[in-house]
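With the sequence shown counted from 1, adding 22 to any position gets you my numbering.
Quick reminder that beta carbons are idealized off the backbone N, C-alpha and C, glycines included.
Below: one structure, written as structure tokens.
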Amino acid sequence: MKRVAAGLLAFVSMCGCQVAFSTVGSWTREKGPPAPISNSVVIPLADGRLGIFGGFLLGGQPSNETAVYDPATGAWTKGTPMPGPAFPDVFALLRDGMVLVEGGRDINGNPQGATWLYDPVQNRWSQAGSANLPRVFPSNALLSDGRLLIAGGGVPLDTPEQLPNGEVDFKPTPSAEIYDPATRKWSPAGRLQSARDGIRLVALGGGGAIAAGGCQGSAGWSPPVATAEVYDAATNAWSMTTPLPVAMCGADGVGLRDGRALVVDQFTFTGVERYFYNSSGDAFVYDPKTRAWSVTGGLAGGGTGALMLSDGRVMVPELQQGAIQGRTFKVLVGGQIFDPATDGWTYASTTSLVMPLGYMFSGGSPIVVSLPNGSALVILQTDVLAFHPEKSPPSTQLLASTGLTILLLSIAAVIGLLMLLAYRRASRIDLSKLA
């Protein structure tokens, strides 16, 4: 039986599960917006406030509204509406404090390259130079020199294609462009060697960026790829690098302070369609010095997006549907935190709130953002939750991030009990009889 105990111990030691047996952080309820916010883009502003742009109105129409939230006072104020096309694709905070908004579509659905700059101090929009190639869903990354790089995305097909899941009008493009705040203009930034959309573009230390994964084929409706390319700002060119360990499309990721890039899968591909699956939870770190990927464990459930916390760690908030009660249902809000110092994950504590059942069917999505004070916000229509990673969870707060967390802890408890029983039974055996 000691062999059994040793085997169980070896399993726990070698499985590489990186299971966290404790939770960190605490949640608080913050003042919500005066009207529901859904599918909007939130940008942390240079002065500590948040800019909330676009999204959808309650009737499903696209919104051009701008709102500003001050976490210090809890005040929500209306800003000047966005002047450009509906559904802009690129939002980024520039080093000068301006918010860049690029892209969108006209009333016929054609992509536009219009670029607008929002000044949060003056609450005013101004127009910058348009992108050279209008596209939909490009990826973007702010480089260490303050310029903004966009790559990939989709451009219109000359003739729409009919696929098993419907008609598609776009195809991936290898085009890349870079925006210079000094000139307020876009210029070509080489071309990807492999045209695709759904890539994750992450800035690297040294001024470059990596374009990881993506989808190829018309409008990206095809299996994901593991392709990875690196942009060299000095040569304004792309080169192939070590592929991802697994194919990904629509992944999320952030640039770490040590110059590496963390990439987290957000979808599990099972066929032609790719947008309605649970996350596979795979997570990898790319090191530009070795041009290699390393496995960092993964997520227990589907995350909402990776957030860089002020201390250099990365949080991936996670939401899980709870029980339905009449016209409402419970939402569990938790997450996991990645520490670049250990390349390991820990669980955030979990809180819950009750939401109208209509939110489940309205197509709304949570909005997540990190704040300069070290906390992170999760916005669900009119509910705002703040996560404080440095605080201990209160006794009234759930101590599991997802149902899988509980499952892992249960498995660990069973394994521990089996090991204890195996050891106690083995200790009663007369070893001389085994000689």
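For Gly227, the CB contacts under 6 angstroms within the same chain, skipping 5 residues up- and downstream, are Gly281 in chain order. Contact between the stretch 256-265 and the stretch 175-194 is absent: fewer than three C-beta pairs spanning the two stretches fall below 8 angstroms. Contact between Gly106 and Gly126 holds, with the beta-carbon distance rounding to 6 angstroms and staying under 8 angstroms.
From the listed residues Ala248, Ala322, Pro156, Gly277, the smallest Cα separation to Leu266 is found for Ala248. Classified as exposed, Thr364 has fewer than 16 neighbouring CB atoms from the shown chains inside 10 Å of its CB. The beta carbon of Ser62 sits closer than 7 angstroms to the beta carbons of Ile74, Phe75, Gly76, Gly77, Ile389 from its chain, once the five residues preceding and following it are set aside; these are given in chain order. Following the DSSP letters along the chain, one finds Asn162 inside the beta strand (DSSP E) bounded by residues 161-164. The criterion of a C-beta distance shorter than 7 angstroms is not satisfied by Gly174 and Ile232. Met330 has Val336 as its beta-bridge partners, per DSSP. Residue range 283-286 is occupied by the beta strand (DSSP E) that includes Leu284. Pairing Ala57 with Gly119 gives a Cβ-Cβ distance that is not under 7 angstroms.
Close CB contacts of Pro110 within its chain, under the 6 angstroms cut and outside five residues either way in sequence, are with Val123, Gly125, Gly126 (chain order).
In this structure Asp287 is buried. Its beta-carbon is surrounded by 16 or more other beta-carbon atoms within 10 angstroms.
Nearest neighbour of Val317 by Cα position, chosen from Ala97, Val268, Asn86, Thr326, turns out to be Val268.
Secondary structure note for Pro105: it is in no beta strand (DSSP E), with a DSSP letter that is neither H nor E. Straight-line spacing of the CA atoms in Arg313 and Leu171 works out to 21 angstroms. Selection Gln184, Thr88, Pro339 evaluated against Asn145 yields Thr88 as nearest (Cα-Cα). Relative to the Cα of Asp361, the nearest Cα in the group Ser374, Lys311, Phe306, Met104 belongs to Phe306. Residue pairing from DSSP places Thr137 in a beta bridge opposite Glu124, Ala150. Taking a contact as a CB-CB distance under 8 angstroms, the pair Gln215 and Glu189 does not count as one, their CB atoms being some 29 angstroms apart.
For Met262, the enclosing beta strand (DSSP E) stretches over residues 259-262.
In this structure, Gly101 keeps its C-beta atom at 7 angstroms or more from the C-beta atom of Val406. In the DSSP assignment, Thr372 falls within the beta strand (DSSP E) that extends over 366-378. Using a Cβ distance threshold of 7 angstroms, Gly230 and Arg279 do not count as a contacting pair.
Contact between Pro66 and Leu115 holds, since their C-beta atoms are separated by about 7 angstroms, short of 8 angstroms. With a cutoff of 7 angstroms on beta-carbon distance, Glu199 and Ala217 are scored as not near each other. When only Cα atoms are considered, Leu329 and Pro378 end up about 27 angstroms apart. Rounded to the nearest whole angstrom, the C-alpha separation of Gly380 and Asp141 is 35 angstroms. Beta-carbon to beta-carbon, Val391 and Leu72 are separated by about 6 angstroms, close enough to satisfy the 8 angstroms threshold. Counting every other CB atom within 10 Å of its CB across the protein chains shown gives Asp304 a total of 16 or more, marking it as buried.
Among the bridge pairs identified by DSSP, Tyr381 is matched with none. With a beta-carbon spacing of about 6 angstroms, Ser371 and Ser48 fall inside the 8 angstroms limit used to define contacts.
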